[in-house]
Amino acid sequence: MIGRSEFYIKWLLYGAATFLMLLLQGFLLQYLRVFGVMPFLYPALAAVLSMYEGAFGGTVYSLVLGVLCDLTLPGPIPCFYTLVFPAAGLCAGLLSKSWLPAGLPCALAVSVVAFALTGSFHALLLAVSGKAAWAAAASTALRETGATLLFVPVVFLLFRKVYRKCHIDD
Amino acid sequence: MKNFLKQHGLWVLFAVAVIAVALAVMSLFSTTSSPLMNLAGIVTSPFRAAYTAVANWFNEKQDYFADVQALREENQALKNQIASMEEDLRQAKSDSEENQRFRKLMNLREKKRDLGDLEPAHILEHSSTNWTSSLTLNQGTEHDVEINDCVITEEGYLVGVVSAVGLNWCTVLTLIDTDTSLGAQVFRTEDIGLAEGDFSLMGQGLLKLSHLPAGTELLGGDLVVTSGLGGYYPSGLVIGSVKEVRLDDSGATQYAVLEPSARFDELVEVFVVKSFEIVS
Numbered sequence: 165m166i167g168r169s170e171f172y173i174k175w176l177l178y179g180a181a182t183f184l185m186l187l188l189q190g191f192l193l194q195y196l197r198v199f200g201v202m203p204f205l206y207p208a209l210a211a212v213l214s215m216y217e218g219a220f221g222g223t224v225y226s227l228v229l230g231v232l233c234d235l236t237l238p239g240p241i242p243c244f245y246t247l248v249f250p251a252a253g254l255c256a257g258l259l260s261k262s263w264l265p266a267g268l269p270c271a272l273a274v275s276v277v278a279f280a281l282t283g284s285f286h287a288l289l290l291a292v293s294g295k296a297a298w299a300a301a302a303s304t305a306l307r308e309t310g311a312t313l314l315f316v317p318v319v320f321l322l323f324r325k326v327y328r329k330c331h332i333d334d
Numbered sequence: 010m011k012n013f014l015k016q017h018g019l020w021v022l023f024a025v026a027v028i029a030v031a032l033a034v035m036s037l038f039s040t041t042s043s044p045l046m047n048l049a050g051i052v053t054s055p056f057r058a059a060y061t062a063v064a065n066w067f068n069e070k071q072d073y074f075a076d077v078q079a080l081r082e083e084n085q086a087l088k089n090q091i092a093s094m095e096e097d098l099r100q101a102k103s104d105s106e107e108n109q110r111f112r113k114l115m116n117l118r119e120k121k122r123d124l125g126d127l128e129p130a131h132i133l134e135h136s137s138t139n140w141t142s143s144l145t146l147n148q149g150t151e152h153d154v155e156i157n158d159c160v161i162t163e164e165g166y167l168v169g170v171v172s173a174v175g176l177n178w179c180t181v182l183t184l185i186d187t188d189t190s191l192g193a194q195v196f197r198t199e200d201i202g203l204a205e206g207d208f209s210l211m212g213q214g215l216l217k218l219s220h221l222p223a224g225t226e227l228l229g230g231d232l233v234v235t236s237g238l239g240g241y242y243p244s245g246l247v248i249g250s251v252k253e254v255r256l257d258d259s260g261a262t263q264y265a266v267l268e269p270s271a272r273f274d275e276l277v278e279v280f281v282v283k284s285f286e287i288v289s
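From first to last, the protein sequence lines stand for chains A and B. Everything in the first sequence is counted per the working numbering, starting at 165 for the first residue and increasing by one. Everything in the second sequence is counted per the working numbering, starting at 10 for the first residue and increasing by one.
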């Protein structure tokens, strides 16, 4: 259990780590093409942090991240990431608690779940708007997941460092 | 899972629902972007400019060391193309003069399109997700850019349409994005259709020309331009050329796959058409 000031410092550090990852996404990853797509870190950020902070903390962080993404990224509907990221965070938090302990394998697994949710929601919205393209959507989702998993270890190491720094006594 | 839902789940779900509805309502009732989105765009603009500046610097260094032989061959091909286009231009001038004489004979007034006010804009960011094809420009409402303004290259090729605008930024959905659709016309046959993005074609940098009249006969390379019907967009802006003609899933109707004339990944500067006039 951590005190109030440690609580604020912890989330400040997570915020700073998130900002670093956003810079990585903006300066490097969006210009890279791996398997024909760009690595897209945002769902992995929601999933990996939720793996460490559990269902509640992870869901709230994912909600905030989702709102930020909706404000700065184009999406099929105005609240796309606000809806899908909390779901991804919740799943990641629950999976790490009950199925696989927090670590690199879990980080990779929960990231895959986050991308599955995001890709499925994208495909569903395309179908609902009369522009169904299930095969193309599945291909994009798979390639996006593969391209981003190469960088999930970076996210994992950074968030693990913050978690260990703030949970020394745990 | 049960404990989470019991203790916190309802509150979190409530928060998600409220925020989602608020974002949707703000987006629906605003002719520009909502205040939050506008603020987010203003805050991220310097970062986007920095990303693009760094990427352009690297690209310039890379291009500097490009193969000299390839450049020579491209130069020769372009010279040949210019010669051919000059010949076409001479023919077009002659045809135009003949057209003027006939108009005078038949007492017809000239119908022309005036693009009016063009605002130059630099591209801050290319597509930031794999599911959309968009550009972020450095002009916004402070320069009278509005939603649904067309964006063109310096050659007059259509790039896309403004979908969101803030104080000093705007987002342009390119022609190949799934949310783009506009009236189009095949230049050679004057057939009217609908040029729209398709997700399965977007990954290949292509778009679709559908709702063609029955019996339309298209050829590979046919030029497709905006039709201007409805007055939403100027007419005559080059969309692209026909790559192939396919049958849809039902097998009953055909559609054309178009290759856009604008090269979205290579664009650095574009022009926003803030106003246009059809003079008839």
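We treat Cβ as the ideally placed atom computed from N, Cα and C, and that holds for glycine.
- Query: Mind pulling the chain D residues with CB within less than 8 angstroms of Val266 (chain B)?
  - Reply: Absent from the structure: chain D. Protein chains present are A and B.
- Task: Compare the C-alpha of Thr236 (chain A) against each of B:Arg57, B:Met94, B:Asp158 and B:Glu163 and name the closest.
- Result: Per the Cα distances, B:Arg57.
- Along the chain, where does the beta strand (DSSP E) that runs through Leu133 (chain B) open and close? Where Leu133 (chain B) is concerned, the enclosing beta strand (DSSP E) starts and stops at Leu127 to Glu134.
- Pair within 8 angstroms by beta-carbon distance, Val281 (chain B) and Glu83 (chain B): For the pair Val281 (chain B) and Glu83 (chain B), the CB atoms are not nearer than the 8 angstroms cut-off.
- Message: Considering only DSSP beta bridges, list what Ile91 (chain B) is partnered with.
- Response: In the DSSP output, where bridge partners are listed per residue, Ile91 (chain B) has none listed.
- Item | Sequence-distant residues of its chain with Cβ nearer than 7 angstroms to Leu213 (chain A) (five each side left out) | Tyr178, Gly222, Tyr225 and Phe323.
- Message: For Thr145 (chain B), count the other beta carbons within 10 Å of its own beta carbon; 16 or more makes it buried, fewer makes it exposed. Which is it?
- Response: Classification for Thr145 (chain B): buried.
- When DSSP labels each residue in this structure, what does Ser262 (chain A) get in the three-state scheme? Reduced to three states, the DSSP call for Ser262 (chain A) is helix.
- Query: Residues of chain A with CB under 7 angstroms from Leu45 (chain B), in chain order?
  - Reply: Within chain A, the residues near Leu45 (chain B) are Leu235.
- Message: Check whether the segment 162-177 of chain B and the segment 268-282 of chain B are in contact - that is, three or more C-beta pairs closer than 8 angstroms.
- Response: Flag = yes, the segment 162-177 of chain B and the segment 268-282 of chain B touch.
- In angstroms with no decimal places, state the Cα-to-Cα distance between Ala181 (chain A) and Ser236 (chain B). Approximately 50 angstroms, taken between the alpha carbons.
- Report yes or no: is there a C-beta of chain A within less than 8 angstroms of the C-beta of Tyr60 (chain B)? By this cut-off, Tyr60 (chain B) is an interface position.
- C-beta atoms of Leu264 (chain A) and Cys255 (chain A) nearer than 8 angstroms: No; because the gap between Cβ atoms is not below 8 angstroms, this pair is not in contact.
- Message: On the DSSP letters alone, give me the boundaries of the beta strand (DSSP E) that Ser42 (chain B) sits inside.
- Response: Where Ser42 (chain B) is concerned, there is no enclosing beta strand (DSSP E), given that its DSSP letter is neither H nor E.
- Item | Residue range of the beta strand (DSSP E) that includes Cys159 (chain B) | It spans Cys159 to Ile161 - the beta strand (DSSP E) in which Cys159 (chain B) sits, taken as one unbroken run.
- Item | Exposure of Ser143 (chain B), with buried meaning 16 or more beta-carbon neighbours within 10 Å | Result: buried.
- Query: Nearest chain A C-beta to Ala49 (chain B) closer than 8 angstroms, yes or no?
  - Reply: Chain A, which has a Cβ nearer than 8 angstroms to the Cβ of Ala49 (chain B), makes this yes.
- Quick one: measure Cβ to Cβ for Leu216 (chain B) and Leu184 (chain B), integer angstroms, because I've assumed they're closer than 8 angstroms. Between Leu216 (chain B) and Leu184 (chain B) a beta carbon distance of about 5 angstroms is seen, short of the 8 angstroms cut, so the two are scored as contacting.
- Task: Starting from the Cα of Leu258 (chain A), find the closest Cα among A:Ala211, A:Ala301 and A:Gly283 and give me that residue.
- Result: The shortest Cα separation from Leu258 (chain A) among A:Ala211, A:Ala301 and A:Gly283 belongs to A:Ala211.
- Query: Using a beta-carbon distance cut-off of less than 8 angstroms, what residues from the segment 196-217 of chain A approach chain B?
  - Reply: Those would be Gly200, Val201, Met202 and Phe204, in chain order.
- Task: For Val231 (chain A), return the contacting residues in chain B, with the cut-off set at a CB-CB distance below 7 angstroms.
- Result: Here the neighbours are Ile28.
- Chain-ordered chain A contacts of Ala33 (chain B) [CB-CB under 9 angstroms]: Chain A residues near Ala33 (chain B): Ile241, Pro242 and Cys243.
- Item | CB contact below 8 angstroms: Ser289 (chain B) versus chain A | The pLDDT assigned to Ser289 (chain B) is 47, lower than 50, so where the model puts this residue is not dependable; a value taken from the coordinates is nonetheless given after this. Cβ-Cβ to chain A under 8 angstroms: no for Ser289 (chain B).
- Task: Would you identify the three-state DSSP class for Ala79 (chain B), choosing helix, strand or coil?
- Result: Ala79 (chain B): helix per DSSP, three-state reduction.
- When you compare only the Cα positions, how much space is there between Ser289 (chain B) and Ser219 (chain B)? Note on Ser289 (chain B): pLDDT 47, under 50, position unreliable in the model; no value is reported.
- Task: Kindly indicate which residue of A:Leu268, A:Gly283 and A:Leu229 has the alpha-carbon position closest to the one of Thr309 (chain A).
- Result: Of the candidates A:Leu268, A:Gly283 and A:Leu229, the one whose C-alpha sits nearest the C-alpha of Thr309 (chain A) is A:Gly283.
- Message: I'd like the list of long-range same chain contacts for Gly230 (chain A), defined as Cβ closer than 6 angstroms, with 5 residues on each side in sequence excluded.
- Response: Excluding its 5 nearest sequence neighbours in each direction, Gly230 (chain A) has C-beta neighbours in its own chain below 6 angstroms: Tyr245, Thr246 and Phe249, listed in chain order.
- Can you tell me the Cβ-Cβ gap for Gly165 (chain B) and Val251 (chain B), rounded? I've got them flagged as a contact below 8 angstroms. Contact flag wrong, Cβ pair sits at about 19 angstroms.
- Task: Would you please verify whether the beta carbon of Ser105 (chain B) is less than 8 angstroms from any beta carbon of chain A?
- Result: False, the Cβ-Cβ gap to chain A never drops below 8 angstroms.
- Query: Expressed to the nearest angstrom, what Euclidean distance is found between the alpha-carbon atoms of Lys261 (chain A) and Leu184 (chain A)?
  - Reply: Lys261 (chain A) and Leu184 (chain A): Cα-Cα distance of roughly 27 angstroms.
- Query: Using a C-beta to C-beta distance shorter than 9 angstroms, which residues of chain B count as neighbours of Leu227 (chain A)?
  - Reply: Within 9 angstroms Cβ-Cβ: Val21, Ala24, Val25 and Ile28.
- Query: Hey, Leu228 (chain B) and Asp200 (chain B): beta-carbon distance below 8 angstroms or not?
  - Reply: Judged by their CB atoms, Leu228 (chain B) and Asp200 (chain B) are not nearer to each other than the 8 angstroms cut-off.
- Query: How would you call Gly206 (chain B), buried or exposed, if buried means at least 16 neighbouring beta carbons within 10 angstroms?
  - Reply: Buried.
- For Val292 (chain A), which three-state DSSP category applies? In the structure shown, Val292 (chain A) sits in a helix (DSSP, three-state: H, G or I).
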